[in-house]
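Chemist: Residue numbers (this note's numbering): 11 to 368.
Ideal placement from N, C-alpha and C gives every residue a C-beta, glycine not left out.
Here you go, one structure.
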Amino acid sequence: MEGIPSIEPFVARLEALGAKMSEPDFYNDQRKAGEISREHQKLSKLRETYEKLEKTLAQIDENRAIIAENADPEFVALAREDLAALEAAVEPLKAEILKMMIPSDPTDSRNTVVEIRAGTGGDEASLFAADLYRMYCRYADMRGWKVENLSSSESPAGGFKEICFLLSGEDVYRYMKYESGTHRVQRVPATEANGRIHTSAATVAVLPEAEEVDIQIDPADIEISIARASGPGGQGVNTTDSAVQILHKPTGMIVKCADERSQLKNKTKAMKVLRSRLLEHKQQEEHDKYAQSRREQIGTGDRSERIRTYNFPQSRMTDHRIGLTLHSLPQIMDGEIEEMIRSLEDADYAARIQALIK
11 MEGIPSIEPF VARLEALGAK MSEPDFYNDQ RKAGEISREH QKLSKLRETY
61 EKLEKTLAQI DENRAIIAEN ADPEFVALAR EDLAALEAAV EPLKAEILKM
111 MIPSDPTDSR NTVVEIRAGT GGDEASLFAA DLYRMYCRYA DMRGWKVENL
161 SSSESPAGGF KEICFLLSGE DVYRYMKYES GTHRVQRVPA TEANGRIHTS
211 AATVAVLPEA EEVDIQIDPA DIEISIARAS GPGGQGVNTT DSAVQILHKP
261 TGMIVKCADE RSQLKNKTKA MKVLRSRLLE HKQQEEHDKY AQSRREQIGT
311 GDRSERIRTY NFPQSRMTDH RIGLTLHSLP QIMDGEIEEM IRSLEDADYA
361 ARIQALIK
């Protein structure tokens, strides 16, 4: 079919999944069964939509034949009207099929670890990091997600030098993955006496939560250090050896967690972050093998890439990857980022569809 890759590999995959789902021990592994069931459902919808397109194209041919062969003006007028509606349905159906043919990201349904770090700009950067944290918390609340703080380091100005938190809910990584990168802010800091606009930045890393089956960590590869927690948090924090630091020796990654009074809880949270960072590292290596195709996509953005500018004096947000500018900065900072994320998702799909039909 013109403009559409062959449906046969997808049908073959659908039939293979159907056979697997009929096996007696299919539900022994609930996690795997859920993944297969979701893929089967998606492929069933793809086949259904493809058949609908085939039927629509057949009806178009029939109506054109009626118009060419029939002498009854009233009958021809009805056929022309029906033909117009059928032709208008073709491109949307093709677009829907192409979108469903794009391989699903298996991590889209995962919970997500988000790390925000103050970049250039001193205290103002730490305050902006806190603003981004608040923005994502508000967005999570709108989507019904749960927010769990994993670790944080406050700045003297009241912002965050860095903060790490877990978002749990439906399709979290699908919506959050476009947020990775450098976020730049332009505004007059509260401490600026002369009203000059300053530019500062914060980096955001978005990591799909890794499970033990994804990343196996050899106990010999990690070094765990225990220290007395410091900073605000009450007497219990400051008088117990509860802070945990984990060094992953093969990669040199270091994870610290001191938010909880319990050493065990801090260790559990730190391992969760480490596992997610290692999964990202593993995925990055895979992405680098296909660097050219990755550059052609919106993707999940490298954290060193400047992706967005928040201009407070002009109440303007610009996403540099797709050239999107929105003049509703107060609403965006209050968590209303759905339009922005949907635009990024649409652009990503459009790029991937072009790669699919080349």
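According to DSSP, simplified to helix, strand and coil, what is A200?
Modeler: Position 190 of the sequence shown holds residue 200. Note: A200 maps to coil in three-state DSSP.
Chemist: What is the DSSP secondary structure of K156, counted as helix, strand or coil?
Modeler: On the sequence shown, residue 156 is found 146 positions in, with the first residue counted as 1. DSSP places K156 in strand when its eight states are reduced to three.
Chemist: Note down the Cα distance separating Y359 from E348, rounded to an integer number of angstroms.
Modeler: On the sequence shown, residue 359 is found 349 positions in, with the first residue counted as 1. On the sequence shown, residue 348 is found 338 positions in, with the first residue counted as 1. Taking the straight line joining both Cα atoms gives about 16 Å.
Chemist: Among K55, A94, R57, E64, whose alpha-carbon lies nearest the alpha-carbon of N73?
Modeler: If you number the sequence shown from 1, residue 73 lands on position 63. Among K55, A94, R57, E64, the Cα nearest to that of N73 is on A94.
Chemist: In terms of residue numbering, what span does the beta strand (DSSP E) encompassing P218 cover?
Modeler: Taking the first residue of the sequence shown as position 1, residue 218 is located at position 208. Its beta strand (DSSP E) spans residues 208-218.
Chemist: Can you list, in chain order, the residues of its chain whose CB lies under 7 Å from that of S54, leaving out five sequence neighbours each side?
Modeler: If you number the sequence shown from 1, residue 54 lands on position 44. Within the same chain, S54 has close Cβ partners L24.
Chemist: In whole angstroms, give me the CA-to-CA distance for L63 and R153.
Modeler: The residue labelled residue 63 in the question sits at position 53 within the sequence shown. The residue labelled residue 153 in the question sits at position 143 within the sequence shown. Spanning the two alpha carbons is a distance of roughly 34 Å.
Chemist: Can you check DSSP and say which residues form a bridge with V123?
Modeler: Here the question's residue 123 lines up with position 113 in the sequence shown. Partner(s): L176, L217.
Chemist: Can you give me the Cβ contacts of A6 inside the same chain, cut-off strictly under 7 Å, excluding the 5 residues immediately before and after it?
Modeler: Given that the chain is displayed from residue 11 to residue 368, the structure contains no residue 6 and the question cannot be resolved.
Chemist: Using only the alpha-carbon positions, how far apart do L366 and I112 sit?
Modeler: Here residue 366 corresponds to residue number 356 of the sequence shown, with the count starting at 1. Here residue 112 corresponds to residue number 102 of the sequence shown, with the count starting at 1. Approximately 7 Å between the Cα atoms of the pair.
Chemist: Would you tell me roughly how many angstroms separate the C-alpha atoms of R144 and V157, rounded to the nearest one?
Modeler: Position 134 of the sequence shown holds residue 144. Position 147 of the sequence shown holds residue 157. Rounded to the nearest angstrom, the two C-alpha atoms are 11 Å apart.
Chemist: The alpha helix (DSSP H) that contains I46, what's its start and end?
Modeler: As a first step, residue 46 is located in the sequence shown; it is residue number 36 there, counting from the start. Start and end: 40-79.
Chemist: If we ignore side chains and look at the alpha-carbon of each, how far apart do L177 and E125 end up?
Modeler: Working through the sequence shown from its first residue, we reach residue 177 at position 167. Working through the sequence shown from its first residue, we reach residue 125 at position 115. Their backbone Cα atoms lie some 11 Å apart in a straight line.
Chemist: Could you pull the DSSP bridge partners for I232 from this structure?
Modeler: Here the question's residue 232 lines up with position 222 in the sequence shown. Per DSSP, H258.
Chemist: Beta-carbon separation of A29 and Y37 under 8 Å?
Modeler: Here residue 29 refers to the residue found at position 19 of the sequence shown. Here residue 37 refers to the residue found at position 27 of the sequence shown. Cβ atoms of A29 and Y37: not closer than 8 Å.
Chemist: Do E219 and N121 have their beta-carbon atoms positioned less than 8 Å apart in this structure?
Modeler: Here residue 121 is taken as the residue at index 111 of the sequence shown, counted from 1. Here residue 219 is taken as the residue at index 209 of the sequence shown, counted from 1. Yes, the pair counts as a contact, with Cβ atoms nearer than the cut-off.
Chemist: Report the three-state DSSP secondary structure of F170 (helix, strand or coil).
Modeler: Here residue 170 corresponds to residue number 160 of the sequence shown, with the count starting at 1. Looking at F170 - three-state DSSP - the assignment turns out to be strand.
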